[in-house]
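Line by line, the protein sequences give chains A and B.
The first sequence begins at 0 in numbering that gives the first Met the number 0 and counts up one residue at a time.
The second sequence begins at 0 in numbering that gives the first Met the number 0 and counts up one residue at a time.
For each residue, glycine too, the CB sits at the ideal point set by N, CA and C.
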Amino acid sequence: MYPTITAAAAALRRGDTTSVELVTASLLATTALNPTLGAFVSRFDETALAAARAADQERESGIDRGPLHGIPLAVKDIIRTDEAETRAQSDVLSSDWSNAAEAPAVTRLRAAGAIITGKTSTMEFALGFPEPEKAFPLPRNPWNPEHWTGGSSSGTAVAIAGGMVLGGIGTDTGGSIRWPAAACGVTGFKPTFGLVPNRGVLPLGFTFDHVGPLARTAVDAAHVLEAIAGHDPLDVTSIDHDLPNLATALPDSLAGLTIGVTSLSNHTSFALPELETVFEAAVAVLESAGARIVRVELPLYEEMRTVTMLGSIVEAYAFHRDDLIARWNDYGPTSRMGFVKGALVSGGDYLQMQRARRVAQRRVASLFSEVDAIVTPTIARAADRYGAFDFAATVDSMHTAYWDALGNPAMSVPMGFSKNALPLGMQIIAAPFAERRVVEVGNAFQQRTSFHELLPTLVSNLTEHVR
Amino acid sequence: MTPDFRALVAQQLAVVGIPASEEEIVALAADYPGMLESIAALYRIDGVKYEEAAITFRPVVTLEEAQP
Chain A
0 MYPTITAAAA ALRRGDTTSV ELVTASLLAT TALNPTLGAF VSRFDETALA AARAADQERE
60 SGIDRGPLHG IPLAVKDIIR TDEAETRAQS DVLSSDWSNA AEAPAVTRLR AAGAIITGKT
120 STMEFALGFP EPEKAFPLPR NPWNPEHWTG GSSSGTAVAI AGGMVLGGIG TDTGGSIRWP
180 AAACGVTGFK PTFGLVPNRG VLPLGFTFDH VGPLARTAVD AAHVLEAIAG HDPLDVTSID
240 HDLPNLATAL PDSLAGLTIG VTSLSNHTSF ALPELETVFE AAVAVLESAG ARIVRVELPL
300 YEEMRTVTML GSIVEAYAFH RDDLIARWND YGPTSRMGFV KGALVSGGDY LQMQRARRVA
360 QRRVASLFSE VDAIVTPTIA RAADRYGAFD FAATVDSMHT AYWDALGNPA MSVPMGFSKN
420 ALPLGMQIIA APFAERRVVE VGNAFQQRTS FHELLPTLVS NLTEHVR
Chain B
0 MTPDFRALVA QQLAVVGIPA SEEEIVALAA DYPGMLESIA ALYRIDGVKY EEAAITFRPV
60 VTLEEAQP
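And the structure:
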């Protein structure tokens, strides 16, 4: 398997490989590692190989659909695809919903020539925490399978870190793209709210949900985002906004940019002791790339964490209420105890969350008049070991949820490792619709570091023909 | 008067008909005061009293959207 989408696309264009070879390698790696890592809940081997043959024929006849043409990708199993029923890691979800039309984000990937090799594991209804008693694959961290992966776009992150695909898509309501990306050592990109259609995607919090890419690099993620972004008139959350080119002619340096930095160390008592050192080393890389570094504070930080964590649950409760009444015991204990909190919040309090959101948006817009981007740790901890899972510490350590309340584009890139050799992520945020700025910063960082290129031992140990 | 959070949670879930266990009700009640304090903090934000909500109503529905 080539290391990145960009490298594989170049090899395809040179004629050094074929889409059939790429997809075959992807399927072999999945066969080898999925039993251990639990990345995929369903596989589309036959349709993927047929699509790969078609992509190769198109290329031979001179048709080039762009950087995703013939590239194997994975889709989180709360996003509808034509090949298989969507389960959302749940025994409750109605097949009426699951078998409806494919999500536009997936259809757009196909139009860009991407090959969908399967659906990836998540947490029940994408709420974000494992339910081991359920009969679904439990995603395990490629860097240490005894550890969790972060959630809830877990399987997509695992499949990329495990060399099973070159990229994929997930969803992010409180951090569900960026958190597993950070925990598994890959790049995850939550775009601006409304940039990618949510239609055909199981709702968690409909004013907080974002569909976005995961990949090995910022540039690869940009290629996937370019394919799936765009207005959908049938989606009430979709925004009609032209996206500039994200992945070409990126600057070599960050000269002229001002980057606001905060470790957010005042906002959690559960941060790893080594986090500050790892994060400051990453900030030094940005400074060495030419950026001017200024220290900033994020306005209404705790308030916006409340808005995301509770507001999205209220919205989810509206979706799940009838099923919670009728099928309480068919839900996993973690997810039902999460969703039911929505019954305890008044309508007025929910509306107050939406008003507080607007105040914070104004204050953060003011902050972005002074800086071009902001960086923070993605999450203050590495992934917990299964069996020693600390729910409260994990939630308290997530620095992602703030940006779901505000809707800004935010990317997590690998920035180093914890003392127990698990990946840590740095989060890069820009103003709404300034996706290109996020890619510029992420790419400049990855041009000067190699964390995104490192492979877990069990992946590098695969035989060459599988890799 | 100090609220009885266990009773409050039990009543709210009973009214809806959600069959949570006693253990689950106790766990939810333990989180309830903190949740209410987090919500109360949202009412103390400067300028929030006259702020608009970050959701909007759209009066127009297209024929395509009108399909069930």
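To the nearest whole angstrom, what separates the beta carbons of residue i and residue j, a pair I think is in contact under 8 Å?
i, j, result
"I159 of chain A", "V195 of chain A", "Not quite, the Cβ-Cβ distance comes to about 18 Å (not below 8 Å), so this is no contact."
"T261 of chain A", "T375 of chain A", "6 Å"
"L253 of chain A", "V440 of chain A", "7 Å"
"L41 of chain B", "T307 of chain A", "Going by Cβ atoms, the distance from L41 of chain B to T307 of chain A rounds to 12 Å, so no, they are not a contact pair."
"T106 of chain A", "P431 of chain A", "Not quite, the Cβ-Cβ distance comes to about 25 Å (not below 8 Å), so this is no contact."
"K75 of chain A", "G331 of chain A", "Rounded, the Cβ-Cβ distance is 17 Å, inconsistent with contact."
"E273 of chain A", "S264 of chain A", "At roughly 12 Å, the Cβ-Cβ gap does not stay under 8 Å, so E273 of chain A and S264 of chain A are not in contact."
"T85 of chain A", "A125 of chain A", "The pair is not a contact, with the Cβ atoms about 11 Å apart (cut-off 8 Å)."
"F207 of chain A", "D403 of chain A", "5 Å"
Would you report the Cα separation of residue i and residue j, rounded to the nearest angstrom?
i, j, result
"H222 of chain A", "L7 of chain B", "51 Å"
"H464 of chain A", "A6 of chain A", "At H464 of chain A the pLDDT is 48, less than 50, meaning the model places this residue with poor confidence and gives no usable figure here."
"K340 of chain A", "P455 of chain A", "38 Å"
"R215 of chain A", "A156 of chain A", "9 Å"
"R466 of chain A", "L350 of chain A", "Annotation note: pLDDT 45 at R466 of chain A (below 50); position unreliable, coordinate value reported separately. The alpha-carbon atoms of R466 of chain A and L350 of chain A are separated by roughly 51 Å."
"Q445 of chain A", "V218 of chain A", "10 Å"
"W178 of chain A", "R5 of chain B", "33 Å"
"C183 of chain A", "D45 of chain B", "39 Å"
"F188 of chain A", "R435 of chain A", "11 Å"
"A50 of chain A", "M122 of chain A", "29 Å"
"S368 of chain A", "A281 of chain A", "24 Å"
"G14 of chain A", "S396 of chain A", "46 Å"
"R79 of chain A", "A102 of chain A", "5 Å"
"E57 of chain A", "D63 of chain A", "7 Å"
"F486 of chain A", "L26 of chain A", "The structure shown does not extend to residue 486 of chain A, since chain A is modelled only from 0 to 466, so the question has no answer here."
"G166 of chain A", "V60 of chain B", "36 Å"
"M0 of chain B", "P32 of chain B", "14 Å"
"S37 of chain B", "E301 of chain A", "9 Å"
"A433 of chain A", "V14 of chain B", "46 Å"
"I24 of chain B", "I176 of chain A", "31 Å"
"S411 of chain A", "D3 of chain B", "43 Å"
"P2 of chain A", "T55 of chain B", "44 Å"
"L421 of chain A", "L67 of chain A", "30 Å"
"E20 of chain A", "A10 of chain A", "11 Å"
"S459 of chain A", "D241 of chain A", "40 Å"
"A65 of chain B", "A99 of chain A", "17 Å"
"V437 of chain A", "I324 of chain A", "43 Å"
"A391 of chain A", "T267 of chain A", "11 Å"
"P232 of chain A", "G289 of chain A", "41 Å"
"D490 of chain A", "A220 of chain A", "The requested residue 490 of chain A is not part of the displayed model; chain A covers only 0 to 466."
"G162 of chain A", "L12 of chain B", "46 Å"
"H146 of chain A", "Y385 of chain A", "5 Å"
"R53 of chain A", "P58 of chain B", "The identity of residue 53 of chain A in the sequence shown is Ala, whereas the question assumes Arg. When rounded, the distance between both Cα atoms is 44 Å."
"R109 of chain A", "L405 of chain A", "30 Å"
"P408 of chain A", "D90 of chain A", "33 Å"
"N244 of chain A", "R326 of chain A", "47 Å"
"A181 of chain A", "H451 of chain A", "10 Å"
"V164 of chain A", "S151 of chain A", "18 Å"
"L27 of chain B", "M336 of chain A", "8 Å"
Just to make sure I have the definition right: I need the residues of chain E whose C-beta is within less than 7 Å of the C-beta of residue i. Which are they?
i, result
"V358 of chain A", "Note that chain E does not occur in the displayed structure, where the protein chains are A and B."
Taking 8 Å as the cut-off, does the region 236–244 of chain A touch the region 376–386 of chain A (at least 3 CB pairs, one atom from each stretch)?
As far as the Cβ criterion goes, the region 376–386 of chain A does not touch the region 236–244 of chain A, which means the pair count is below three.
Residues in the region 385–397 of chain A having any Cβ partner in chain B nearer than 9 Å:
Within the region 385–397 of chain A, no residue qualifies.
Got a sec: which bits of the region 311–327 of chain A sit with their beta carbon under 8 Å from any beta carbon on chain B, in order along the chain?
Along the region 311–327 of chain A, the positions whose C-beta sits under 8 Å from a C-beta of chain B are R320, L323, I324 and W327, read in chain order.
Select from the region 340–351 of chain A all residues with a C-beta closer than 8 Å to any C-beta belonging to chain B, and list them in chain order.
Those residues of the region 340–351 of chain A that come within reach of chain B (Cβ to Cβ, closer than 8 Å) are K340, A342, L343, V344, D348, L350 and Q351.
How about the region 41–53 of chain B and the region 12–19 of chain B: do they share at least three Cβ pairs that are nearer than 8 Å?
In the pairwise beta carbon analysis, the region 41–53 of chain B is classified as not touching the region 12–19 of chain B: fewer than three pairs are separated by under 8 Å.
Which ranges would you report for the beta strand (DSSP E) in the region 245–324 of chain A if only whole runs of at least 3 residues count?
Here the runs fully enclosed are 257–260 and 291–294.
Alpha helix (DSSP H) runs wholly inside the region 170–233 of chain A, at least 4 long, in chain order:
As summarised for the region 170–233 of chain A, the continuous alpha helix (DSSP H) elements at least 4 residues long and confined to that stretch are 177–183 and 217–227, given in chain order.
4 or more residues per run - each alpha helix (DSSP H) lying fully within the region 19–77 of chain A:
Here the runs fully enclosed are 44–59.
By the 8 Å beta-carbon criterion, what residues does the region 299–310 of chain A contribute toward chain B?
Contact annotation: in the region 299–310 of chain A, residues whose CB is within less than 8 Å of a CB in chain B are L299, E301, E302, T305, V306 and L309.
Positions along the region 3–24 of chain B whose CB lies within less than 7 Å of some CB in chain A:
Cβ contacts with chain A: V8, Q11, L12, V15, G16, I17, P18, A19 and E23.
Could you say if the region 124–142 of chain A and the region 102–116 of chain A meet the contact criterion of at least three C-beta pairs nearer than 8 Å?
Per the Cβ contact rule, the region 124–142 of chain A is not in contact with the region 102–116 of chain A (fewer than 3 Cβ pairs under 8 Å).
Three-pair Cβ contact test at 8 Å for the region 351–368 of chain A versus the region 412–421 of chain A
Under the 8 Å Cβ criterion, the region 351–368 of chain A does not count as touching the region 412–421 of chain A, having fewer than three qualifying pairs.
With a threshold of 8 Å, are at least 3 pairs of Cβ atoms found where one atom belongs to the region 86–106 of chain A and the other to the region 23–37 of chain A?
Taking a cut-off of 8 Å on C-beta distances, the region 86–106 of chain A does not touch the region 23–37 of chain A, as fewer than three cross pairs fall below it.
Whether or not the region 256–275 of chain A and the region 292–299 of chain A are in contact is what I'm after, with contact meaning three or more pairs of Cβ atoms, one per stretch, closer than 8 Å; do they touch?
The region 292–299 of chain A is in contact with the region 256–275 of chain A.
The region 188–217 of chain A: positions lying closer than 8 Å to chain B by Cβ:
Taking 8 Å as the cut-off between beta carbons, the residues of the region 188–217 of chain A near chain B are T206, in sequence order.
Taking beta-carbon pairs under 9 Å, can you tell me which members of the region 136–169 of chain A lie near chain B?
Cβ contacts with chain B come from no residue of the region 136–169 of chain A.
Taking a Cβ distance cut-off of 8 Å, strictly less, list which residues of the region 217–241 of chain A are near chain B, in chain order.
Contact annotation: in the region 217–241 of chain A, residues whose CB is within less than 8 Å of a CB in chain B are P232, L233 and V235.
Just by C-beta distance, which residues in the region 70–94 of chain A are closer than 9 Å to chain B?
If the cut-off is 9 Å between Cβ atoms, the region 70–94 of chain A has nothing near chain B.
Continuous beta strand (DSSP E) assignments of at least 3 residues falling wholly in the region 7–47 of chain B:
Restricted to the region 7–47 of chain B, not a single beta strand (DSSP E) segment is unbroken, complete and at least 3 residues in length.
Go through the region 408–461 of chain A residue by residue and report every complete run of the beta strand (DSSP E) that reaches 3 residues or more, in order.
Within the region 408–461 of chain A, the beta strand (DSSP E) runs of at least 3 residues that lie entirely inside it are, in chain order, 409–416 and 422–428.
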